[in-house]
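> Residues 3 to 388 in my numbering are what the sequence shown spells out, letter by letter.
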Amino acid sequence: MKQISASRFSPRGITLIETTVACACAAFIVTLLSGAAMMMRRETGEQVSKANMGALYQSHVAYAASNSGKQWCSHLDNFGLVGGNCSSYTTQIQCPPQQILGFTADGVLWGYFVSSPLCPPPSLGSCVNWLTLLPNFFGSSDWFGSAQMINVRSFHNYLGGRFYDSRFYAPNDTTVYNAAAVNFNNPAEYLSQPTNTPWSSYMMSVAAMWSPEVLRPATSGGYQAPTFATAFTRQNLAGAAYPELKTLMFEKNWNQGAPTPNRRYNESLMSRPVTLFYDGHVANISNMVAYIDDKRSTIQSGNGLWCRNAPSTAGIGYYGGRTSHSVLTTSGILGRDVLDTRCGIGGVDMTALLSDWGGTTIDLNQDGTVSGPDLTTLFSNWGCPE
Numbered sequence: 003m004k005q006i007s008a009s010r011f012s013p014r015g016i017t018l019i020e021t022t023v024a025c026a027c028a029a030f031i032v033t034l035l036s037g038a039a040m041m042m043r044r045e046t047g048e049q050v051s052k053a054n055m056g057a058l059y060q061s062h063v064a065y066a067a068s069n070s071g072k073q074w075c076s077h078l079d080n081f082g083l084v085g086g087n088c089s090s091y092t093t094q095i096q097c098p099p100q101q102i103l104g105f106t107a108d109g110v111l112w113g114y115f116v117s118s119p120l121c122p123p124p125s126l127g128s129c130v131n132w133l134t135l136l137p138n139f140f141g142s143s144d145w146f147g148s149a150q151m152i153n154v155r156s157f158h159n160y161l162g163g164r165f166y167d168s169r170f171y172a173p174n175d176t177t178v179y180n181a182a183a184v185n186f187n188n189p190a191e192y193l194s195q196p197t198n199t200p201w202s203s204y205m206m207s208v209a210a211m212w213s214p215e216v217l218r219p220a221t222s223g224g225y226q227a228p229t230f231a232t233a234f235t236r237q238n239l240a241g242a243a244y245p246e247l248k249t250l251m252f253e254k255n256w257n258q259g260a261p262t263p264n265r266r267y268n269e270s271l272m273s274r275p276v277t278l279f280y281d282g283h284v285a286n287i288s289n290m291v292a293y294i295d296d297k298r299s300t301i302q303s304g305n306g307l308w309c310r311n312a313p314s315t316a317g318i319g320y321y322g323g324r325t326s327h328s329v330l331t332t333s334g335i336l337g338r339d340v341l342d343t344r345c346g347i348g349g350v351d352m353t354a355l356l357s358d359w360g361g362t363t364i365d366l367n368q369d370g371t372v373s374g375p376d377l378t379t380l381f382s383n384w385g386c387p388e
């Protein structure tokens, strides 16, 4: 029998070069896996957000069925009789609805209360809280209002009966989601917070909550202060003139691929907020598509898809963004946020860009003229993202 030398299986050292190569390969693999895992989490979060929107649409339908076909809001039609003035309303008209968040487990009722002789007890709340009943406050820098308070009682009773129902929160809206997630499994209607309340990741289209006469086309004067009698007329859920092109609700932050958390939905043309439309379909709305469609509409009719002269915008839109689809939609519920249902950049957009070649209207890169760099940007975003 042939004897096998033990030396054939003797241990050997690993050289420094081999170690370096092995570590580099391992690091490369870890980087690939980390990137893939991050992308998978982002895509999974996006799908969860779309499912949330589907559930929220059913809540909108249920609310409308119980409220004479009206879409959810916190104001009443007759707010306009006193120009939207709280003091006049609460002394001359009636006690307004109270913005209720819910009961805590120990039986304390939380909300934003408005008091007056018509709102007993008179010591509870004040007109400071009136702003929570308005869709938004055009004169403020933060635009806050009921459009961003969708998880209050008057709506959450049509979902699951809780302020912190997980369906109000988008997983990719990480800061807000993480702040709310600790309460997802708590059965209480509401839990008070030691710091800022994490409102829903989603907001209503503010424009569609006002009368269409508040955000008129530019050729008709544009913004009109909501102090006229019909400014607060509540809109029907089935009242959209272009239900497949008008947004009902959308992610208010830039959640897909933002470089840092807590960026507004319209801070980049690369943002693609998950959006619920009035016809009930859910899709990502591409800010670049919305931007180009707005420019196309301006070229064709003199009217953009969103209103330029509302207070605090200085012609540049909600929070300074280059598009203000959904928030400042021209003609509100009767308007459009995009011109068709395409899911991404395509031939229509290239045609629009080339028709403005050498001009300044569809200037994607903001370098002062429509030229080669804009075409490069367009092609780099070509097609429908997976």
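Backbone N, C-alpha and C define an ideal beta-carbon position, used for all residues, glycine too.
Out of curiosity, what's the CA-to-CA distance linking D175 and H77?
Roughly 28 Å between the two C-alpha positions.
> Would you mind reading off the limits of the alpha helix (DSSP H) that contains Y293?
289 to 303
> Measuring straight from C-alpha to C-alpha, what distance separates A64 and A209?
22 Å
> Put T92 into one of helix, strand or coil per three-state DSSP.
Under the three-state reduction of DSSP, T92 is assigned to helix.
> Which class does N238 belong to by DSSP, given the choice of helix, strand or coil?
strand
> Just how far apart, CA to CA, sit G163 and L103?
11 Å
> At the level of alpha carbons, what is the spacing between D79 and Y114?
Going by the C-alpha atoms only, they are around 20 Å apart.
> Per DSSP, which one or two residues make a beta bridge with G348?
DSSP output for G348 lists no bridge partner at all.
> Is the beta carbon of Y267 sitting closer than 7 Å to the one on K254?
yes
> Is the CB-CB distance between V276 and K52 below 7 Å?
yes
> Buried or exposed: V184, going by 16 or more other Cβ atoms within 10 Å of its Cβ?
exposed
> Flag this pair as yes or no: are the beta carbons of W359 and T332 separated by less than 7 Å?
no
> Given that a residue counts as buried once 16 or more other Cβ atoms are within 10 Å of its Cβ, and exposed if not, what is S288?
Looking at its Cβ environment, which holds 16 or more other Cβ atoms inside 10 Å, S288 is buried.
> Would you call the CB atoms of Y204 and M251 closer than 7 Å?
yes
> Which same chain residues end up closer than 7 Å to W201 when comparing Cβ atoms and leaving out the 5 residues on each side of it in sequence?
Counting only Cβ-Cβ distances below 7 Å, and skipping sequence neighbours, we find Q150, M151, N153.
> Rounded to a whole number of angstroms, what is the C-alpha to C-alpha distance between R218 and S207?
15 Å
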